[in-house]
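Protein chains in written order, with this note's numbering: chain Z, 478 to 809; chain P, 1386 to 1677; chain V, 3 to 236. Each residue gets a CB set at the ideal place from its N, CA and C atoms; glycine is no exception. Structure, as C-alpha cells:
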Amino acid sequence: MRVQRWTGTSRAFTGATIAIAALLGTVPLLFEADVVQRLTNLLILVLLAAMWNALAGYGGLLSVGQQAFIGIGAYGTVFFAGLGVSPYPAMLLATLVAGVISVPISLFALRLRAAQFAIGMWVIAEVISILVRLDQNLGAGTGISLIQLNQYAPNFRQAYTFWLALGFTVIFLSALFFLLRSPLGVSLQAIRDDEDAARSLGVHVAARKRLLFVLAGFGCGAAGVLIGANTLFIEPGSIFSVQWSAYMIFMVLVGGLGTFEGPILGAILLFGIQTTFTQGGPWYLVGLGATAALFALALPRGIWGTIEERLGLRLLPVGYRVVEMKSEERTV
Amino acid sequence: MTIVNAVVQGIFLGAFYAVLACGLSIMFGVMRVINLAHGDIAVLGAYVVFVIVQSTGMSPLVAFVVALPVMILLGYVLQLTVLERSLKSGILTPLLATFGLSIVIQNLLLISFSPDVRSLGGNAGAITTSSWQVTGGLSVSALGMVILVMAVLLFGALQLFLSSTRAGWMMRATAEDADAAELVGIDSRGVYARATALAVAIAALGGLFLAIRSVFDPVSGPTQLIFAFEAVVIGGMGSLWGTLLGGLALGVAQTLGAHINPEYSALTGHLLFLAVLIVRFGGGRLSLRMAR
Amino acid sequence: MTLLRVEELDCRYGLLQAVRGVSFELAQGETLALIGANGAGKSTLLRAIAGAHRPHGGRVLFDGVDVTSMPAHRRVSLGIALVPEGRRLFPSLTVEENLRVAAARRGRWNVQSVLEVFPLLQPRRHMAAANLSGGEQQAVAIGRALMSNPRLLLLDEVSLGLAPIVVDAVYRSLADIIKEGTTVLLVEQDLTRALNVAGRVICMLEGRIVLEGEAASLDRDRVVGAYFGLKQPA
C-alpha cells in the first residue's frame, strides 16, 4: 500500500478555489447592495458551518453554545465602536477578543465530554447573554444599533462588509485546511476515530482539541462581527439564540460531518432554502430539525461524505488516503 | 427572615426542577444518553394537559392522569424510532438526533398553539392561591408544598421500584451491563423502551407543574432542559437522590440570586452549575504547545 | 439426541476472522470441553452460540430450531445460558437479586437450590456482588446461569483468576450439575481439568477445529500437539 495526499483533481480544485475567491471579490462592483448583503449572509453561513465542523467533525466536540462567540463578536464591535474606535478596526478587535476569550473557556469546557460539553457550552452562552442584558451601555435586553456604520454610504458599507466577510472566510477556511494538512491533522483524525487509542499512542489530545476550539472561537466571533455589520442592529435574544447552533448542526450534518467540503455545500443548501422560503416560519424550522435528525440517524456522513465514499472522489486534499497498489508494486 | 423565605421558596422551586430532571437522570442512568428534547417533551406534556382541560373542563391533575397513557406511548415510540437507532452509532448521534427532535417539537407546537403564553394556574383551583403566613417574612404556598411532597413521593417510589421489584432489578442490571443482561434473559431493548416511557411520563409531570406554577409557551422547552440538566449535574450524574438534591440546590441558588436582584435568578443557578463542573473536573492546564 | 448443532460458523471482528467454518454437534446430556491457546476463537464461538456475537456466516441450531439471528435473551428462554468470561455480575445488585433477575425459566433451579449447591453464598446472600471475592463471584455467575434452568450450559473459563483450591470447589459443584443431566459446553485452559470433567474434547487453533475425540481415548501428547499447532507425526 502507498499513502497519497495530493491528487490531480485536488490540485486543480485548490487552484479553482483561489480563482473563485478572486472572482467573488468583484461581486460588490457588479451587483446591487441587496444582492451583496445576501451573499454576505452566504459567506457567514459558510464560515459558521466550517467552524462548527472543525469542532464536531475533527474534534468530536458537539457544541450547542457557539452563539456565545457570535454574540461576543457582535457586541464587541458595538463596545469598541462606542469607545471611539473606527468601525472596521473595531470589528477586527472584536474578533480578536472572541478568540482570546475562547482560551480561558477552553480550560474548563474541554474537560467535559459529550452531553456535558454540549450543554456546558450552552450555559456559558446563556451566562454571557445574561451579562449583556444587564448592561445598559450595550442596550440591555432591547438591543442596540451599530450607528457608527452610518458614516459610510450604504453601497460602500455593504461592499466593505462583503470584502471583510470574504477575507474572514478565506482566512479561517485556509487556517482549517492547513491545520488539517499539517502533521497535526493526522493526529486530529486519529482523535476523531478513536480518542482513547490516540491518547494511548501519545497524541496530546487536549492541546489539539484546544487548537480547534480556539480556531472555532475566532471564527464564530468573526461570523458574529459580520452578522452585526450586515444587519446593523443586534439584540441579545437573537444573537445569543440557540437557533445559530441549530443552523450549524443542519449545515454540517446535511453537507457532511468531518469532511472539508461538506459544510460549504450545507451552507449553500441552507442559503438556498432561506432564499426560497423567505418568510421562514415554523414549518421551515420543522423541516430543518427533521432533516438534521434524519441525517444523523440514516446518513451520518452527509451528502458530501456519501459522495466521497461512493465515488472515491476527493476535491480538497485534507488528510491522507490509502491507495491499493498495482500488483507489481506489491512486496508481500 | 427574608433570606429564610428565599431559601424556603428555593426549596419549592427546586422540587419542581427535581421532577423535571428526574426523567433526564433515569435515561442517563440506564442508557448513558442525554435527551436534548427532554424540556420540549415536558412542554408538550403541558400542552396535552392544556388541551384536555380546555375541551373537558377537568381539573389539571385529573387531565394529567388522562394524558399519561399518551405520554407513555410517546416514550415507547421515541425509543423505538429515534433513540434505539442512535444508541448504536456513537455518543454524538443521540445528541444530534434529539437536538433535531427538539426543534421539530417546538415548531410543531408553534404551528398548533400559536406563540401565546399559557398557564393552567387558573384551572387548578384553590391550591394555586392558598398559602400559610408562618411569620411576617415567611409564607408557605400550598402549591409549593404539594410539588415538594409529590417530588419526594416520586423519588421514593422510584427508589422502591429499583431496589425491590424484579422489573427494577432488570433496569439496574441493564444499566450496569447490557450485554450480560441479555445473557441472563433480559430484553434490553424492552428495558430501554420502558425507561424512556417512564422518563417521558415524569417529564410530562414536570410540564404539568410548570403549567400550574407559572406560564409556558412553545419555546419554553430549552430553558427547562438547561435547568433539568443543571440539576442532574449538580447532583452527580446518574444518581437518583443526587438529582433530587441537585434540583433543590439549583432552586435555592436561583431564589437567593433573585433575592439580591431579580435579574440574577437564572444567572446564579448557571454559576452554581459551572462551579460544580469546575470543582468536579478541575481546570485544564493551559497547553497550546504542540510538542508531545 | 442432538441438542446443539453448529454448521460452518464464521465469526469476525472487523477484518479479523476469529472463527472459521466451525461445525460440530452436541448431544443431550453430553459434556464437551473446548480447548486451545489464547486467541483460538473459543470464547467467540461460545458467545456466538449464546447470541452475544452476531456471526458472519453459518448456522446455529438448538433443538432443531435455527437460532442464528435470535437475540440472546430469547435464546435464554429456549434454554441456552452462558457464564461469560470475567463473570460479568451486576455489581450493585445483591447475590440474591443477581440470581432472581435471571430467573427466565422455571424448573429444578431456584434461589434455594442454587444456594444448596454453592453453600459459600448462603451468608453472602444480601451482599452486593461488587463486594464478593473472586471465587464467590464465580459461584454467583454459575448460579445465575442456572437460574434460567438451561438445557445447555456454556461455561467460559470459569477457573480464570481463581486460586486452585477455589477452582476445585467450583468443579466439584460443576460435577453435581453435570450429574443432574444438564448438557455442558465449557472452555477451559487447564488441559487436565478439561479431560477430567468432559466426555468429549474439541481442540481449536486459529479459529478452526484441529482435533476432536472422546476424552478417554485421546492421547495427551496428541492433544498438546494440536493445542500448539505442532505437526502431527503420521
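Interface flag, residue i vs chain P, CB-CB below 9 Å
i                : result
ILE741 (chain Z) : no
GLN593 (chain Z) : yes
PHE585 (chain Z) : yes
VAL523 (chain Z) : no
ARG107 (chain V) : yes
SER135 (chain V) : no
VAL663 (chain Z) : no
GLY576 (chain Z) : no
SER25 (chain V)  : no
SER715 (chain Z) : no
LEU746 (chain Z) : no
MET149 (chain V) : yes
ASN100 (chain V) : yes
HIS128 (chain V) : no
Closer than 9 Å to chain V by CB, residue i
i                 : result
SER1410 (chain P) : no
SER1573 (chain P) : yes
ASP1564 (chain P) : yes
LEU1568 (chain P) : yes
ALA1558 (chain P) : yes
MET1622 (chain P) : no
TRP1517 (chain P) : no
MET1443 (chain P) : no
Residue environment, residue i, which counts as buried when at least 16 other CB atoms sit within 10 Å
i                 : result
ARG202 (chain V)  : buried
PHE230 (chain V)  : exposed
TYR15 (chain V)   : exposed
HIS1655 (chain P) : buried
THR633 (chain Z)  : For the record, residue 633 (chain Z) in the displayed sequence is Phe; it is not Thr. Result: exposed.
VAL21 (chain V)   : buried
GLY183 (chain V)  : exposed
ASP1602 (chain P) : buried
PHE1484 (chain P) : buried
VAL1489 (chain P) : buried
GLN139 (chain V)  : buried
PRO566 (chain Z)  : exposed
Any chain Z beta carbon closer than 9 Å to residue i
i                 : result
PHE1594 (chain P) : no
ILE1611 (chain P) : yes
VAL1415 (chain P) : no
LEU1662 (chain P) : yes
LEU1419 (chain P) : The sequence shown places Ile at residue 1419 (chain P), not Leu. Interface residue, yes.
LEU1480 (chain P) : yes
GLU1686 (chain P) : Residue 1686 (chain P) is absent from the structure shown; chain P starts at 1386 and stops at 1677.
VAL1600 (chain P) : no
PHE1401 (chain P) : no
VAL1618 (chain P) : yes
LEU1625 (chain P) : no
LEU1659 (chain P) : yes
For residue i, the residue or residues it bridges with in DSSP
i                 : result
CYS13 (chain V)   : V:VAL21
SER1524 (chain P) : P:GLN1518
LEU255 (chain V)  : This structure cannot speak to residue 255 (chain V), because chain V is shown only from 3 to 236.
VAL85 (chain V)   : V:LEU157
GLU27 (chain V)   : V:ARG7
SER622 (chain Z)  : Z:PHE710
Could you pull out every unbroken alpha helix (DSSP H) segment of at least 4 residues lying fully inside the segment 187-227 of chain V, listed in chain order? 193-199
Note down, in chain order, all residues in the segment 1482-1505 of chain P with a beta-carbon under 8 Å from any beta-carbon belonging to chain V. none
Tell me which residues of the segment 1627-1654 of chain P have at least one Cβ-Cβ distance to chain Z shorter than 7 Å, keeping chain order. GLU1648, ALA1651 and LEU1652
What ranges does the alpha helix (DSSP H) occupy inside the segment 92-179 of chain V, keeping only unbroken runs of at least 4 residues that lie completely in it? 97-102, 113-119 and 136-148
Select from the segment 110-124 of chain V all residues with a C-beta closer than 7 Å to any C-beta belonging to chain P, and list them in chain order. none
Return the residues of the segment 1519-1542 of chain P that lie within a Cβ-Cβ distance of less than 7 Å from chain Z, sorted by chain order. none
Under 8 Å, CB to CB, which of the residues in the segment 1448-1477 of chain P have a partner in chain Z? VAL1467, ARG1470, SER1471, SER1474, ILE1476 and LEU1477
Ordered list of alpha helix (DSSP H) runs contained in the segment 1391-1451 of chain P, each at least 4 residues: 1423-1441
Give the residues from the segment 760-771 of chain Z that approach chain P closer than 8 Å (Cβ to any Cβ), ordered along the chain. TRP760, LEU762, VAL763, LEU765, GLY766, ALA767, THR768, ALA769, ALA770 and LEU771
Going along the segment 80-98 of chain V in order, which residues come within less than 8 Å of chain P, judged by CB to CB distance? ALA83, LEU84, PRO86, ARG90, LEU91, PHE92, PRO93, SER94 and LEU95
Mind pulling the alpha helix (DSSP H) runs of 4 or more residues that sit fully within the segment 635-669 of chain Z? none
Closer than 9 Å between beta carbons: that is the criterion. Which residues of the segment 595-616 of chain Z meet it against chain P? ALA595, ILE596, GLY597, TRP599, VAL600, ILE601, GLU603, VAL604, ILE607, LEU608, ARG610 and LEU611
Counting only runs of 4+ residues fully inside the segment 533-564 of chain Z, write out the alpha helix (DSSP H) ranges in chain order. 544-559
Quick one: complete alpha helix (DSSP H) runs, 4+ long, within the segment 687-716 of chain Z? 713-716
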